[in-house]
Each structure stands twice: as C-alpha cells, then as structure tokens.
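Start counting the sequence shown at 7; every next residue gets the next number (my numbering). Glycine included, C-beta positions come from ideal geometry on N, C-alpha and C. Taking it in order: structure first as structure tokens, then the write-up.
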Amino acid sequence: HLVNLLTTTETLVAKEGRLRAGRPEGVWKGYSEDGSLTVQGCYVRGIRHGRWTRFANGGKKAVEVNYFRGRVHGLAAWYDDGTPALQARFENGDLAPDWKVWRKDGRPLPASRFAAFARPASMRFVPNQPEEERSLTAEVVGSAG
Numbered sequence: 007h008l009v010n011l012l013t014t015t016e017t018l019v020a021k022e023g024r025l026r027a028g029r030p031e032g033v034w035k036g037y038s039e040d041g042s043l044t045v046q047g048c049y050v051r052g053i054r055h056g057r058w059t060r061f062a063n064g065g066k067k068a069v070e071v072n073y074f075r076g077r078v079h080g081l082a083a084w085y086d087d088g089t090p091a092l093q094a095r096f097e098n099g100d101l102a103p104d105w106k107v108w109r110k111d112g113r114p115l116p117a118s119r120f121a122a123f124a125r126p127a128s129m130r131f132v133p134n135q136p137e138e139e140r141s142l143t144a145e146v147v148g149s150a151g
C-alpha cells in the first residue's frame with residue numbers, strides 16, 4: 007500500500023486551515039520556507055478526503071491524488087514539469103494494474119514495461135538519471151501481499 011503519496015522533502019514552515027474539535031477540517035494548505043504553496047487538500051473529521059495536490063518549485067503540479075475516507079482511491083497522477091508523466095488507479099488504497107506512463111515527447115510507454123507494479127506494493131518515486139526516458143521512476147520498496 008502507498009502510505010503517503012504526498013511526502014515531500016521540503017519542510018513546511020506554515021500550514022493554513024481550520025480545526026474542528028481539535029482535528030483538521032476543510033481545505034488545508036502547506037507552504038515552504040520561500041512562501042510558495044507546497045501542498046493543498048481537504049480533511050473531513052481529521053481524515054484526508056478528496057483531491058490532494060503537491061506542487062513543485064515554481065508552483066507546477068507535481069502529484070495529484072484522490073482520497074476517500076483516508077485511503078488513496080481513484081486516479082493518482084505524477085507530473086514532470088507540469089505535464090503528465092504517470093497515471094495510476096487505486097481501489098481502497100490498493101494499486102490497480104492499469105498504469106499509464108508517458109515519455110517526455112508525449113508518447114506512451116508500453117504497459118508491459120510496468121507489469122512488476124501490477125500487485126499492491128509500497129512504492130516511492132525518485133528522480134531518474136539524465137539518460138532515462140522519464141524524470142520519475144517507481145521503485146518497489148515492499149510488497150503488500
């Protein structure tokens with residue numbers, strides 16, 4: 007299972023949102039040291055619910071994930087310089103096998119290249135080396151089953 011698709015190495019220096027009964031409620035935003043918006047999403051009774059977006063330097067969308075009652079559910083997308091790089095679907099926190107990945111020139115990569123990710127797994131996305139086809143790579147770091 008993916009624990010947190012919106013993990014960032016940046017330190018959030020400010021969070022903006024409201025609390026109800028001591029728990030986050032409604033839209034929350036996180037800002038980096040330079041004041042730029044880093045993450046935005048919604049809480050319902052202290053649990054992530056709805057669309058969450060992480061932004062890269064310059065304000066471009068880096069990751070967009072949907073949550074349903076605290077679990078990743080529906081489409082999740084990773085972006086490279088604001089353009090789609092990878093799209094995956096989740097069902098109640100489990101990764102579905104139908105991935106879509108695009109090269110920098112916009113052409114899709116064959117689905118067979120990502121068959122290893124068809125099972126639920128914990129993953130992290132890391133920058134590729136310059137010679138790679140994409141600037142994002144998935145690494146399986148643990149299996150859920």
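Which one or two residues does DSSP pair with residue i in a beta bridge?
i, result
"W108", "P114"
"T59", "Q46 and E70"
Which residue's Cα is closest to the Cα of residue i: the options?
i, options, result
"A62", "G99, A82 and G88", "G88"
"S40", "P30, K110, A20 and V50", "The identity of residue 40 in the sequence shown is Asp, whereas the question assumes Ser. Of P30, K110, A20 and V50, the residue nearest in Cα terms is A20."
"W105", "G112, H55 and A91", "A91"
"K110", "G52, R57 and W84", "W84"
"Q56", "W34, Q93 and L18", "The amino acid at residue 56 is misidentified as Gln; the sequence shows Gly. Among W34, Q93 and L18, the Cα nearest to that of G56 belongs to W34."
"V78", "D86, V107, G64 and D100", "D100"
Between residue i and residue j, how many whole angstroms is the CB-CB distance? I'm expecting something under 8 Å.
i, j, result
"R60", "T44", "7 Å"
"G76", "R54", "6 Å"
Skipping 5 residues on each side, what residues in its chain have a beta carbon closer than 8 Å to that of residue i?
i, result
"G2", "Examination of residue 2 is not possible in this model, given that the chain is present from 7 through 151 alone."
"R29", "Y49, R51 and G52"
"A102", "A94, R95 and F96"
"L18", "G36, Y37, S38, T44 and V45"
I need the straight-line Cα distance from residue i to residue j, nearest angstrom please.
i, j, result
"L115", "V69", "19 Å"
"G65", "R26", "29 Å"
"K67", "N98", "24 Å"
"G47", "W58", "4 Å"
"A82", "E22", "24 Å"
"Q135", "G112", "At Q135, the pLDDT of 38 sits below 50, so the modelled position is not reliable; the number obtained from the coordinates is stated separately. Rounded to the nearest angstrom, the two C-alpha atoms are 19 Å apart."
"S42", "V107", "28 Å"
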